[in-house]
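J.:
Residue numbers (the numbering used here), protein chains in the order written: chain X, 1 to 213; chain C, 1 to 234.
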C-alpha cells in the first residue's frame, strides 16, 4: 500500500500560468497566498486582480464541471454562472481564510443547483427516454476519465476530482464540500477501493483477451 | 494495485486540452466590470455569532417579560444554575455553527443533523437530571400550549438571526435553515424555562424539547423554499 489515498499527490499539482498579457503570473497558487491576496484586491474593486483570478481559476472550475459528466457547452455556461455568483457574494470571502475552497464551494453550489434544475425539467417534460435517445451528450474531455470514474457515486466523483485532479488538500476539500476531514477521508478510501476493484477487473479482462489473441 | 497507480491513471485520464474558450473568459470579465466596486468583507465569525446569541436572548427575555417569569420564580438555585448556563452554552455553539453555514467554505465539524441531535440530547440530559415529578396531568393540553408558545417565539428569533446574517451566503440553504431553526428553537426553550411553571418531567422532556426539532424542521423548510425559488428563477 502506498500513501494514503487522501494525501495530496504533488505530481498532480501545477502552478497556473496566467495569460501573457497579464501583468501577473500565478505560480504556486496552492501556497494560497497569491490567490488570497488577489481576492482581497478583488474585494477592493481592483479589475486587474479580478481578471487574473478569472484567467487562473476558470480552467480549474471548468475542469471541475467537466469531471461531472457534463458537456463543454454546459460547463462553460456553469462557469459563467459561477463567476456571476462569485462576484455577487465576493464579500463573503474572509481575508486570512483559504480562498481555493471558497471558489469550489460556490462552484459546487452552482453545479448542484443546475443538477436539480435539469432533474426538474426532465421530470416535468417526462421525456427522459427521448432525450437520451435523440440528444447524446456532446463529447467532452477524455472519455477515459468518465469510464474510470463511472463506478463511483456522485459525491465520490466530486471528491476524487477535487483531491486528485485538482490537487486540493483534504482540509480544502472538506471546506469546499461543507463536511469534515474524516468524512472526506472515508469517501476517498471507499472510492479507491471501488477503483481498485474496477481497474483490477478491467486489467484482468484485457490480459485475458490479449492472451487469447 | 497501488494508490499511486490509480493516481497516475486519473492524471492521465484527466488529460490536457481542456482550455476554456478565451471568448468565455472575456465575457465573464465584461459582465462583472460594470458592477466592480469595493465591498466590505463580512465581520469576524465570533462577532456575528455573538450578534445572533444576543438576538435570541433578547427574544426570550422580551417574551418572558410580557408573559411573566413564573418558571424562573419557581426554580431553585440548582435548577437556575444548570438550566440557563446550559442553554447559553448550547446557543453559543449552535450560533457558531449557524454562522459557518452562512459563510462558504467554512470549517464544518458537526453536520446540521448532528447539531440538532446533540442539542436535543443535551437538553434532555439536563432536564432529566433536574426534574423528577413524573405526573402527567393535562399532558396534551398544557403541552400543546407550551409547544405553540415556544414556536411563536422561535419564529421571530429565527427571522431576526437571519437578518443579522443576511450578508452571508448559504451554499446549502436547507442545512443553514435547519441550524438556524435549531438556534431559534433554543430561544423558544429559553422563554419556556423562564415562563412555564409546570415542572412535570414528562411535560418538559416532551413538549419543551420538542420546540427545538420542530423549529429546526420549519427552518429547513424555509431553506428548501428559498432554494427552490432561487433555482426556479434561474
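Just so it is clear, CB atoms sit at the ideal spot from N, CA and C, and this is done for glycine as well.
(1) Grab the span of the alpha helix (DSSP H) containing residue 98(C) for me, first residue to last.
(2) Just the C-alpha distance for residue 87(C) and residue 207(C), rounded to the nearest angstrom, thanks.
(3) Let me know the secondary structure DSSP gives residue 19(C) once reduced to three states.
(4) In or out: residue 27(X) buried (at least 16 other Cβ within 10 Å) or exposed?
(5) Less than 9 angstroms separating the beta-carbons of residue 154(C) and residue 184(C)?
(6) Could you please give the first and the last residue of the uninterrupted alpha helix (DSSP H) stretch that includes residue 57(C)?
(7) Is residue 151(X) close to chain C, meaning its C-beta is less than 9 angstroms from at least one C-beta of that chain?
(8) Residues of chain C with CB under 9 angstroms from residue 164(X), in chain order?
(9) What's the C-alpha gap between residue 44(C) and residue 167(C)?
(10) Specify whether the segment 93-110 of chain C and the segment 63-82 of chain C touch according to this definition: at least 3 beta carbon pairs, one from each stretch, less than 8 angstroms apart.
(11) Ignore the nearest five residues each way along the sequence and tell me which others in residue 101(X)'s own chain have a CB closer than 6 angstroms to its CB.
(12) Give me the residue from 119(C), 72(C), 30(C) with the minimum Cα distance to residue 93(C).
(13) Any beta carbon of chain C sitting closer than 9 angstroms to that of residue 90(X)?
(14) Please name the residue, chosen from 43(X), 46(X), 36(X), 64(X), that lies closest to residue 162(X) on a Cα-to-Cα basis.
(15) Please confirm if residue 214(C) has its CB atom under 9 angstroms from at least one CB of chain X.
(16) Would you kindly work out how many angstroms separate the C-alpha atoms of residue 52(C) and residue 169(C), rounded to a whole number?
(17) Sort 73(X), 80(X), 98(X) by Cα distance to residue 38(X) and report the nearest one.
(18) Could you tell me if residue 144(C) is buried or exposed, where buried requires 16 or more neighbouring beta carbons within 10 angstroms of its beta carbon?
(19) For the alpha helix (DSSP H) holding residue 83(X), just list the boundary residues, first then last.
(20) Could you check whether the Cβ of residue 113(X) sits closer than 9 angstroms to any Cβ belonging to chain C?
(21) Are residue 112(X) and residue 156(X) closer than 9 angstroms when you measure CB to CB?
(22) Please determine, among 215(C), 73(C), 31(C), 139(C), the residue with the shortest C-alpha to C-alpha distance to residue 80(X).
(23) How would you label residue 159(X), buried or exposed, when you count the other beta carbons within 10 angstroms and need 16 or more for buried?
(24) CA-CA distance, residue 48(X) and residue 26(C)?
(25) Can you find a CB in chain C that lies within less than 9 angstroms of the CB of residue 185(X)?
(26) Is the beta carbon of residue 50(X) sitting closer than 9 angstroms to the one on residue 29(C)?
(27) Which first and last residues belong to the alpha helix (DSSP H) in which residue 276(X) is found?
(28) So if I threshold CB-CB distances at 7 angstroms, which residues from the segment 136-169 of chain C count as touching chain X?
(29) Starting from residue 172(X) and walking both ways along the alpha helix (DSSP H), at which residues does that stretch end?
(30) Could you give the residue range of the alpha helix (DSSP H) that holds residue 171(C)?
(31) Skipping 5 residues on each side, what residues in its chain have a beta carbon closer than 7 angstroms to that of residue 179(C)?
(32) Would you check if there are 3 or more beta carbon pairs closer than 8 angstroms linking the segment 50-68 of chain C to the segment 52-61 of chain X?
(33) Check whether the Cβ atoms of residue 194(C) and residue 61(C) sit closer than 9 angstroms, and answer yes or no.
(34) Give the DSSP bridge partners of residue 133(C), in chain order.
(35) Consider the Cβ of residue 94(X): report whether some Cβ of chain C lies at a distance smaller than 9 angstroms.
(36) Helix, strand or coil for residue 2(C), going by three-state DSSP, please let me know.
T.: Here's the rundown:
(1) For the purposes of this step, residue 98(C) is taken as the residue at position 98 of the second chain. Judged by DSSP secondary structure, residue 98(C) falls within the alpha helix (DSSP H) whose first and last residues are 77-101.
(2) For the purposes of this step, residue 87(C) is taken as the residue at position 87 of the second chain. For the purposes of this step, residue 207(C) is taken as the residue at position 207 of the second chain. The alpha-carbon atoms of residue 87(C) and residue 207(C) are separated by roughly 16 angstroms.
(3) Residue 19(C) sits at position 19 when you count from the first residue of the second chain. Residue 19(C): coil per DSSP, three-state reduction.
(4) What you label residue 27(X) is simply residue 27 of the first chain in a count that begins at 1. Reliability of the predicted coordinates at residue 27(X) is poor, the pLDDT of 45 falling under 50, and the value obtained from them is presented with this limitation in mind. Around the C-beta of residue 27(X), fewer than 16 other C-beta atoms lie within 10 Å, and the residue is accordingly described as exposed.
(5) For this step, residue 154(C) is matched to residue 154 along the second chain. For this step, residue 184(C) is matched to residue 184 along the second chain. Result yes, Cβ atoms of residue 154(C) and residue 184(C) sit closer than 9 angstroms.
(6) The count along the second chain starts at 1 and reaches residue 57(C) at position 57. Element bounds for residue 57(C): 45-67.
(7) Residue mapping note: residue 151(X) aligns to position 151 of the first chain, counting from 1. Against chain C, the CB of residue 151(X) has no partner CB under 9 angstroms away; the residue lies outside that interface.
(8) Counted from its first residue, the first chain places residue 164(X) at position 164. What residue 164(X) touches in chain C: 6, 7, 10, 11, 14.
(9) Against the second chain, residue 44(C) aligns to sequence position 44. Against the second chain, residue 167(C) aligns to sequence position 167. Counting only the Cα atoms, residue 167(C) lies some 13 angstroms from residue 44(C).
(10) Not touching, per the Cβ criterion.
(11) For the purposes of this step, residue 101(X) is taken as the residue at position 101 of the first chain. In its chain, beyond the 5 residues on either side, 172, 175, 176 have a beta carbon closer than 6 angstroms to the beta carbon of residue 101(X).
(12) By 1-based counting over the second chain, the position of residue 93(C) is 93. Nearest option by C-alpha distance: 119(C).
(13) Along the first chain, one-based indexing puts residue 90(X) at 90. Residue-level contact by beta carbon holds for residue 90(X) and chain C, with a gap shorter than 9 angstroms.
(14) Here residue 162(X) refers to the residue found at position 162 when the first chain is read from its first residue. Among 43(X), 46(X), 36(X), 64(X), the Cα nearest to that of residue 162(X) is on 64(X).
(15) Taking the first residue of the second chain as position 1, residue 214(C) is located at position 214. No - not a single Cβ of chain X is within 9 angstroms of the one on residue 214(C).
(16) Within the second chain, residue 52(C) is the residue found at index 52, counting from 1. Within the second chain, residue 169(C) is the residue found at index 169, counting from 1. Residue 52(C) and residue 169(C) have their C-alpha atoms some 16 angstroms from each other.
(17) In the first chain, counting from the first residue as 1, residue 38(X) sits at position 38. Of the candidates 73(X), 80(X), 98(X), the one whose C-alpha sits nearest the C-alpha of residue 38(X) is 98(X).
(18) On the second chain, residue 144(C) is found 144 positions in, with the first residue counted as 1. The residue is exposed, with fewer than 16 neighbouring Cβ atoms inside 10 Å.
(19) Position 83 of the first chain, counted from the first residue, corresponds to residue 83(X). It spans 72-88 - the alpha helix (DSSP H) in which residue 83(X) sits, taken as one unbroken run.
(20) Here residue 113(X) corresponds to residue number 113 of the first chain, with the count starting at 1. At a cut-off of 9 angstroms between beta carbons, residue 113(X) contacts chain C.
(21) Taking the first residue of the first chain as 1, we reach residue 112(X) at position 112. Taking the first residue of the first chain as 1, we reach residue 156(X) at position 156. In this structure, residue 112(X) keeps its C-beta atom at 9 angstroms or more from the C-beta atom of residue 156(X).
(22) Here residue 80(X) refers to the residue found at position 80 when the first chain is read from its first residue. With respect to the C-alpha of residue 80(X), the residue from 215(C), 73(C), 31(C), 139(C) having the closest C-alpha is 31(C).
(23) On the first chain, position 159 is the one that residue 159(X) refers to. Residue 159(X) comes out buried.
(24) If you number the first chain from 1, residue 48(X) lands on position 48. If you number the second chain from 1, residue 26(C) lands on position 26. Distance between the alpha carbons of residue 48(X) and residue 26(C): 13 angstroms.
(25) Taking the first chain and counting its residues from 1, one reaches residue 185(X) at position 185. Not one chain C Cβ lies under 9 angstroms of residue 185(X).
(26) Counting from 1 along the first chain, the entry for residue 50(X) is found at position 50. Counting from 1 along the second chain, the entry for residue 29(C) is found at position 29. The answer is yes: Cβ separation under 9 angstroms.
(27) Residue 276(X) is absent from the model: chain X starts at 1 and stops at 213.
(28) Here the close residues are 167, 168, 169.
(29) Position 172 of the first chain, counting from 1, holds the residue named residue 172(X). Start and end: 170-176.
(30) Numbered from its first residue, the second chain carries residue 171(C) at position 171. Premise fails: residue 171(C) is in no alpha helix (DSSP H) and is neither H nor E.
(31) On the second chain, position 179 is the one that residue 179(C) refers to. Cβ within range, chain order: 94, 97, 98, 101, 112, 115.
(32) These segments do not touch.
(33) Taking the second chain and counting its residues from 1, one reaches residue 194(C) at position 194. Taking the second chain and counting its residues from 1, one reaches residue 61(C) at position 61. Taking 9 angstroms as the cut-off, the beta carbon of residue 194(C) is found closer than this to the beta carbon of residue 61(C).
(34) In the second chain, the residue the question calls residue 133(C) occupies position 133. According to DSSP, residue 133(C) bridges with 200(C).
(35) Locating residue 94(X) in the first chain gives position 94, where the first residue counts as 1. Closer than 9 angstroms: yes.
(36) Within the second chain, residue 2(C) is the residue found at index 2, counting from 1. Note: residue 2(C) maps to coil in three-state DSSP.
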